[in-house]
Amino acid sequence: MITLFGVGCLVFLVVCALVVARTRDLLAATVVFAAYSLVMALVWQQLQSPDVAITEAALGAGITSLLFLLAIGRTRRTEDEEG
Amino acid sequence: MLKHLPVLLTVMPLAGAFLVPVFGRSGRGHRMALVTVAVTLLAAVTMLGITAGGEVLRYRVGDWPPPWGIELRVDALGALLASFFALVYLAVTIFAGRDIPGELNPASVHWYWSLLLLLLAGINGVVTAHDLFNLFVFTEVFSLAACGIISIRDRLDSLEAAIKYLILSAVAAGCILLGIALVYMVTGHLNLSYLAAELPMAARLYPKNVLAMVALLTTGFALKSALFPLHVWLPDAHSSAPSPSSALLSGLVVKVGIVALIRLFTTVFTGPVIAALPVPVFMIVMAVGGIIFGALFAMTQRDLKRMLAYSTVTQVGYIYLGFGLLNETALTGALLHIINHALLKSMLFMCAGLFIHRTGKRRIADMAGLARHMPLTMSCFTIGAMAMVGIPVTNGFVSKWHLVLGTLHGGQPLLAGVILLSSLLSSIYYFPVVVAGWFGHPASPPPPGPEGPPSMVWPIVALASLCLILGVWPHLPLRLLGDVARTLLGR
Amino acid sequence: MEISLGLFLRLNYLVAITLFLIGLHTMLTHSNLIKKVMGMNIMETGIFLFLVSIGYARQSLAPIVDQGDGVIYANPLVSAIVLTGIVIAVSTTAYTLSMIVKLYERCGTLDVDRLERLRT
Amino acid sequence: MRHVPALLLLLMVAYVLFLTMAEAPAFGVVDVPSRNLVVDRYLDPDPEETGVPNAVARIIFDYRAHDTLGEATVLFVAVGAAAAVLVGRPGPFATRPVTGTDDPILRTVARLVIPFVQVYAVYVITHGHVSPGGGFAGGTILGGSFVLYLFVFGPGRAARKLSPARGEMVEGLTALWYILVGLGGLLLGASFLANAAAGFPLGVPGKLLSGGAIWLIGLGIGLKVAATVANLFLHLAGES
Amino acid sequence: MQQAFEFPTAMPALIVLIPMVGAVLAYWVGLRWESVRNWLCVLVAGASLVLCLSMYPFIREGGVVVTRLPVLLPLGLSFRVDVLGYLLSSLTAAIWLLATFYSLDYMKGEHGVNRYYAFLTLTLSGALGTFMAGDLFTFFLFFELMSLPAAVLVIHEETREAVQAALKYLFMTIGGSLFFFFSLVATYQLSGSVALGTKGLITVATPLSFLTFAGFLISLGVKAGMVPLHMWLPDAHPVAPSPASALLSGIMIKTGAYGMLRVMYEVYGLEFLQRTGWNSVLLTLSVITILMGSAVAITQFDLKRRLAYSSIGQMGCILLGMSLMSERALTGDVFHFFADAVAKSCLFLCAGVILKRTGKRDIRQFAGIGHLLPVTMACFTVSALTLVGIPPLNGFVSKWQLSLGAFDAGMPAYALALLASSMLNAAYYLPIVLTAFFDRSVQKEAPAVGVALNPIVKKGAIGWQLGSIEASAIMLVPMVLLALSCAVFALSPQNWPLRLAEMAARLLMQ
């Protein structure tokens with residue numbers, strides 16, 4: 337796990353988390369979140385636990401991002417309220 | 004068959020809950036829920052019969068020995084709690100039969116019964132669990148189910164309260180899971196007894212780790228059981244929920260977190276290193292805060308259910324105070340108060356529910372003269388109010404007696420003062436409602452017809468009379484809880 | 254120097270705790286409900302990263318036990334716990350988002366402070 | 007900044023946690039306290055106890071099957087409660103974004119892709135105890151194929167394919183299936199959710215039908231998760 | 006110390022149980038037959054009086070009637086009737102009988118009568134249980150059983166100020182009982198038992214025992230109307246129906262003083278109190294209560310409020326008698342229980358008649374009502390003079406004994422306090438009597454509307470100008486009996502209550 341790729345993934349995760357936290361546009365946050373989940377699935381695979389990797393890919397990247405998209409579709413896209 | 008009772012206690016409500024969406028669509032859901040809860044009550048009472056002698060039922064799920072498989076353990080405390088919780092559940096389910104169709108839209112009524120059974124399964128799961136991760140999973144089950152029965156009311160304030168409750172409960176779940184991860188990292192076990200064996204050695208090697216773990220687990224379960232500074236979600240959640248749900252939430256759900264903490268602190272965190280941690284002191288401080296602020300806030304409420312919700316914050320404070328003192332009498336008082344408050348607060352919320360069901364009004368000011376056309380419900384509410392204040396004939400008095408005696412055993416007369424002050428404060432916000440009810444003059448003419456459908460009135464009367472009976476002959480639960488407290492602290 | 258080397262060797266734990274804290278911070282301080290749910294997910298995946306990192310060993314293989322003995326496998330119990338955790342996280346997210354959608358239908362806003370003003 | 011108390015709290019938590027990490031057992035080494043007798047038995051090379059090579063599947067569906075029952079219940083509760091909320095009458099700010107498209111490219115591609123996704127999903131479910139994957143991942147993929155159908159052909163046709171009532175029924179039955187397998191173990195003389203001890207045929211490890219109860223539960227869980235995901239998105243898309 | 010031999014009979018439990026069952030029966034019967042319920046209540050009160058008196062043979066040689074019911078509640082109930090308990094419970098039952106008899110006519114045509122009778126009888130059971138309690142826990146239980154139903158009596162009129170007064174009464178009573186609860190638990194913690202009758206449960210002066218005595222003092226002080234804690238009394242008594250306020254003033258506030266007596270003499274013991282300086286605190290408090298109560302009474306023009314403040318003054322005298330800690334003072338004190346109970350209930354009953362017949366509450370309008378209500382005002386005068394302490398009446402006997410006690414205790418100054426109390430009593434009672442009989446100025450307009458005129462004393466028979474509008478016989482008989490008992494006992498050679506009081510004092514001082 338102490339490979340460059342592993343460390344790179346971890347740093348990418350932290351950056352993605354910060355971006356999701358900071359951005360005001362929820363759609364962008366969802367896309368970054370999907371990327372975050374995918375890289376997280378990669379990290380699981382790095383940590384030698386494939387079961388979790390597949391589940392994270394299917395549930396995290398797939399379902400959760402879809403849920404966020406649908407929720408934003410039915411509510412509002414940007415975070416701060418104008419008016 | 005008796006050997007399998009511990010697991011059946013959880014599995015039966017689950018099976019019932021899964022069957023409700025299949026068969027319970029056209030109104031049969033309520034009957035299925037009733038049958039399931041009755042059977043669970045039967046199972047719990049038989050287990051109480053077995054464990055009353057001090058014997059502990061150990062059950063290995065899947066026949067795997069403890070550190071590998073999951074073990075369920077039911078002692079006298081677990082059986083007693085399960086029995087009383089199931090009893091309250093039966094009363095509330097009967098009450099909900101006529102109350103829910105009025106309050107919810109027809110499409111989601113059958114889901115209400117399913118969620119009700121899932122909540123019972125979650126509670127029984129936590130009460131019987133003897134494995135840390137299993138405890139976490141069933142804590143999540145009952146948290147989500149509790150949130151479900153709030154949001155099912157589909158009004159703005161219910162949804163907002165449910166979301167706030169769920170997010171805070173998710174934070175609590177995060178803390179608990181991180182706590183479990185830390186404890187697994189240093190001990191390698193999840194079964195509570197093996198954990199207790201490994202913990203002293205681990206505490207010497209990784210002291211900060213154990214400190215963080217204890218703090219996280221306590222915070223998580225305290226948040227789930229609305230201990231004072233972490234109680235912000237409770238008033239909105241318990242007042243905007245449908246009445247039977249608020250009865251269950253205030254009566255049972257809030258207590259399960261405390262039961263889990265008591266089980267952790269008396270079986271796992273018993274080593275010398277952890278005894279040095281000031282966790283009980285923090286609990287007492289928070290409890291005192293909860294007692295005082297709960298009472299003060301309750302006095303300023305105009306809505307009856309919000310007042311009852313804030314009163315729950317006070318009563319949770321009592322239980323944590325008794326638990327934090329860690330001496331035998333105080334712990335007996337705390338455990339007895341868990342049962343007494345479960346009976347009392349669910350009965351009071353059901354009374355409030357019946358008042359709202361009849362008159363459609365929720366404000367205390369509208370309670371004037373209610374007893375003229377609802378004498379039975381009002382007298383049950385009066386018994387409940389007297390028990391909350393701790394008048395001698397009621398069960399509230401018995402647990403207050405042990406709590407105050409416990410504080411004196413612990414050498415803290417000041418805490419006894421806090422308990423008595425809050426009893427006075429609770430009389431100040433309960434008795435005006437009772438007095439207005441009996442002697443006030445109703446603003447609008449009472450609706451025609453009897454006091455309320457019998458299926459709503461009789462559970463209230465049953466619970467109220469049980470409160471009185473437990474007040475006059477408290478020896479059955481008292482003797483059991485005395486032995487349990489001795490064994491729990493004896494270790 | 255010794256502390257920092259120790260910390261670098263435990264980079265996984267560090268990142269896990271950082272993700273946990275970012276998630277917790279987002280949940281507690283952001284006023285938009287959907288943003289809070291995202292924070293919840295980040296917090297939970299942070300804990301899962303911490304959990305799986307506990308079970309990892311260098312040169313270990315995936316816990317499919319078919320290479321005979323003398324081989325180091327990753328800790329399967331941790332994966333089982335994380336699997337259950339992920340499903341719980343997703344269920345909580347799904348349920349919260351459904352409530353948020355319904356709340357938006359009722360009052361047209363997702364901002365917690367605005368909601369507070371609306372209700373009182 | 008009115009979030010100062012929250013920040014202070016977080017700094018305290020961060021400080022304690024990082025200190026804990028500094029002195030925690032090393033990362034990636036074998037002699038950590040968590041590698042003890044518990045894990046050695048889970049990784050027991052000759053699988054005559056559970057009959058499946060995938061150690062994680064052993065734990066999920068056999069050693070700690072009660073946890074997975076709890077977790078399947080959490081899924082059931084979440085989607086049940088979500089359905090109970092979403093069937094409510096629409097409020098003033100209601101919007102219905104999912105309407106399905108009549109774009110021929112999307113429709114034909116979808117019609118082509120969905121069967122293959124479902125085959126792959128069935129593969130992942132049934133081989134859960136042999137290779138990585140398992141009920142949850144496979145179920146999600148199966149559910150995902152239904153969601154694809156929902157997004158492309160709109161909630162109306164999707165509801166005809168799998169109506170919410172029938173979806174809930176499937177959910178209930180498959181969850182019940184899990185309990186029935188558990189009760190099977192109980193009725194066969196062993197305890198609830200027992201596998202080898204209750205005499206389920208373990209078959210040849212590595213083969214498809216090996217693992218006795220594990221295989222049955224895996225199938226049940228797969229179907230349940232698929233039904234749950236489908237049901238959830240049907241409600242979220244606002245089928246009423 | 007001669008250990009009083011105990012007679013294990015179930016009599017006390019029976020005495021307490023009858024009114025409880027009676028109350029429930031009365032409420033249930035009252036829903037249909039009014040008169041049957043009325044006579045049932047009178048019967049129940051009479052029965053408890055007879056049963057109380059029937060305990061005399063045991064009590065005569067200083068014996069004690071004991072009943073133990075270990076099964077109930079966490080600590081079990083026990084009753085222990087010694088001379089003091091016997092005297093006060095018989096007194097309670099007697100006055101309750103007279104008040105119930107009186108309210109047969111007083112409550113005719115009122116609203117909520119069924120509730121009134123049921124709770125009146127229930128409060129009787131509470132009062133009797135309090136006087137006959139064998140341990141502090143039973144005392145606390147029946148103390149509550151008496152206080153809470155009494156709130157229903159106070160709130161009977163259901164007017165705004167009735168509700169306010171009842172709420173204030175409730176909160177102060179509950180606050181007081183919580184202090185008692187704390188002391189009860191602390192006593193159990195300090196001495197391991199709460200039983201009365203064993204001397205000196207708590208003898209070591211620790212901070213907790215200090216707090217415990219303070220708790221007892223505050224809780225029983227609230228009930229007895231000690232000055233800083235008396236605020237509820239002047240509001241509650243005027244609002245309640247007259248027979249109820251007669252019982253409230255006559256009996257119920259005495260339970261507070263009785264509790265103090267038991268706590269001071271049996272739970273703690275005299276030397277402990279003297280050593281820790283509590284007796285000086287008690288003495289000052291009682292003097293303040295006397296002076297404050299009587300002084301404010303003078304300024305009150307509502308008759309019932311004046312009587313309420315007078316009760317506070319009288320309770321001050323009783324507390325003073327207790328704190329002097331000499332045998333003769335104690336005799337006078339116990340006798341003053343008797344004298345004040347009789348006189349004060351008679352005064353309230355008279356006030357009730359005045360209110361019912363003339364509709365007047367304000368003393369300044371009482372000009373000439375002596376002629377309208379000759380018998381009532383006669384009883385009023387006799388009772389008033391008793392409380393003032395004029396020689397031939399009970400009041401003088403108790404004041405005399407109390408003063409002697411003060412001299413025995415070596416604190417003659419407190420005899421002055423008693424003298425001052427008598428003079429102040431005179432200051433607020435005599436004006437009423439004078440205006441009632443000798444003020445001929447007003448009295449031209451007709452008495453209150455709708456008052457049935459049934460003249461007993463015919464016009465001109467003994468020179469009265471106007472036909473009297475005297476109350477019916479049912480209301481007059483109890484008043485006359487009470488007034489007579491103010492005089493009869495003092496005049497009769499062997500003053501029966503006084504002898505009992507001496508026995509009680511000797512028992513307590515052992």
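Protein chains in written order, with the numbering used here: chain D, 337 to 419; chain V, 4 to 494; chain C, 254 to 373; chain A, 7 to 246; chain R, 6 to 515. C-beta: ideal position from N, C-alpha, C; glycine also. Model, not experiment: these values are computed from the prediction.
- Contact residues of the segment 367-391 of chain D toward chain C are F369, Y372, S373, M376, V379, W380, L383, Q384, S385, P386, D387, V388, T391 (C-beta to C-beta distance below 8 Å).
- Taking C-beta separations shorter than 7 Å and ignoring five residues to either side along the sequence, the partners of M330 of chain R in its chain run L275, N284, A414, following chain order.
- Three or more Cβ pairs closer than 8 Å define a contact, and the segment 188-206 of chain V falls short of that threshold against the segment 140-155 of chain V.
- Cβ contact annotation for T359 of chain D (same chain, cutoff 6 Å, sequence separation greater than five): A365, in chain order.
- One finds nothing in chain V with a Cβ atom closer than 7 Å to the Cβ of I220 of chain A; even the nearest lies about 11 Å away.
- Selection V:S430, V:R366, V:L119, V:E201 evaluated against I152 of chain V yields V:L119 as nearest (Cα-Cα).
- For R482 of chain V, there is no enclosing beta strand (DSSP E); the enclosing alpha helix (DSSP H) has its first and last residue at 478-493.
- The CB of R41 of chain A comes closer than 8 Å to the CB of A310, N328 in chain C, given here in chain order.
- Within chain R, no residue has its CB atom less than 8 Å from the CB of W71 of chain V, the nearest being about 45 Å off.
- Inter-residue distance for G396 of chain D and L403 of chain D is about 10 Å (C-alpha atoms, whole angstroms).
- Along the segment 169-195 of chain R, the positions whose C-beta sits under 9 Å from a C-beta of chain V are A171, L172, L175, F176, I179, G180, S182, L183, F184, F186, F187, L189, V190, A191, Y193, Q194, L195, read in chain order.
- When R:S315, R:D240, R:C491, R:A50 are compared, the shortest CA-CA separation from A171 of chain R is found for R:D240.
- Counting the other CB atoms within 10 Å of its CB gives K113 of chain R a total below 16, which places it among the exposed residues.
- The DSSP-derived three-state label of N398 of chain V is helix.
- Not one beta carbon of chain V lies nearer than 7 Å to the beta carbon of M18 of chain A.
- Taking L252 of chain R as the centre and dropping the five residues before and after it, the same chain places the C-beta of A104 closer than 6 Å to its C-beta, in chain order.
- Across the set A:V187, A:A28, A:G228, A:L15, the C-alpha of A:G228 shows the shortest separation from the C-alpha of G139 of chain A.
- No Cβ-Cβ contact shorter than 7 Å links G420 of chain V with N330 of chain V.
- Taking the C-beta atoms as reference points, L58 of chain R is found nearer than 7 Å to S95 of chain R.
- Taking each of V:S458, V:L198, V:G19 in turn and checking the Cα distance to L122 of chain V, the smallest one comes out for V:G19.
- For A165 of chain V, same chain residues with a beta-carbon under 6 Å away, outside a window of 5 residues either side, are C150, I153, S154 in chain order.
- With a threshold of 7 Å between beta carbons, N237 of chain A makes no contact with chain C.
- In terms of CA proximity to T339 of chain D, D:V379 leads the group D:V350, D:V351, D:V379.
- Counting only residues of its own chain and dropping the five nearest sequence neighbours on each side, L352 of chain R has a CB closer than 6 Å to the CB of L312, S388.
- Taking a C-beta cut-off of 8 Å against chain V, the contacting residues of the segment 336-347 of chain C are T337, G338, I341, S344, T345, listed in chain order.
- Identification of chain C residues near V174 of chain V by a Cβ-Cβ cut-off of 9 Å yields L277, M280, L281, M293, M296, ordered along the chain.
- Runs of the alpha helix (DSSP H) lying entirely within the segment 330-378 of chain R, each at least 4 residues long, are 332-363, 374-377 in chain order.
- Going by DSSP, V485 of chain R is part of the alpha helix (DSSP H) stretching over 478-496.
- For the pair G299 of chain C and N328 of chain C, the CB atoms are not nearer than the 7 Å cut-off.
- When CB distances to chain V are screened at a threshold of 8 Å, not a single residue of the segment 114-127 of chain R falls below it.
- Between the segment 201-219 of chain A and the segment 57-65 of chain A, the count of Cβ pairs shorter than 8 Å is three or higher; the stretches touch.
- For I295 of chain V, there is no enclosing beta strand (DSSP E); the residue is found in the alpha helix (DSSP H) stretching over 282-302.
- In this structure, the CA atom of A206 of chain V is about 34 Å from the CA atom of T317 of chain V.
- Cβ neighbours of L409 of chain R within its own chain (closer than 8 Å, five residues either side excluded): R333, A334, G337.
- Considering only R:H341, R:I474, R:L45, R:L325, the residue with the shortest C-alpha distance to L421 of chain R is R:L325.
- Legend: CB atoms of the segment 136-152 of chain R lying less than 7 Å from CB atoms of chain V belong to residues F145, L146, E149.
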